[in-house]
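Read the structure below first, then the notes.
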Amino acid sequence: MRMYKMIMVLVMSLLAFGVFAGSGHSHAPVDENKASLIATKIVSNLVNRGVIEESWKSIEISKIEAKTFKGSKEWVAAFTNPEVSEPEKRTLYIFLTLSGEYLAANYTGM
């Protein structure tokens, strides 16, 4: 009987963790406008963290589209910065899940 009570307490305590989950954690797909806003915020965060040059902060998104990579669709946002001296680093690509979660950033678009 004591073991039964311990198991029940454990099960009930694990079920209680769902109560602490907050709202606003939807994993529904975002539209193109929302994906653009998220990608722009990510570029700003990369600038603030010193990952990319300050000149990227004022660059607007040049293109966004849903692409398929390895069977999964993702949002790919492109930002083109003419102030960058290295031609291969003038376009920054931000990758998001269809629900708007950040995946990666690079200069190749792949």
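Numbering (mature numbering (1 follows the signal peptide of the UniProt record, and there is no 0)), first residue to last: -21 to -1, 1 to 89. Each residue gets a CB set at the ideal place from its N, CA and C atoms; glycine is no exception.
A83 classed as buried or exposed, judged by whether at least 16 other C-beta atoms fall within 10 angstroms
The count along the sequence shown starts at 1 and reaches residue 83 at position 104. Burial call: exposed.
Residues bridged to N85 by DSSP?
Your numbering for residue 85 matches position 106 in the sequence shown. N85 is bridged to Y72.
Residue range of the alpha helix (DSSP H) that includes K42
Taking the sequence shown and counting its residues from 1, one reaches residue 42 at position 63. Annotation for K42: no alpha helix (DSSP H) segment contains it, though the beta strand (DSSP E) segment containing it runs 40 to 48.
Whole angstroms are fine: how far does the CA of L71 sit from the CA of A57?
For this step, residue 57 is matched to residue 78 along the sequence shown. For this step, residue 71 is matched to residue 92 along the sequence shown. If you take the alpha carbons of A57 and L71, they lie about 6 Å apart.
Determine the DSSP secondary structure at A18, reduced to helix, strand or coil.
Counted from its first residue, the sequence shown places residue 18 at position 39. In the structure shown, A18 adopts helical secondary structure according to DSSP, grouped into three states.
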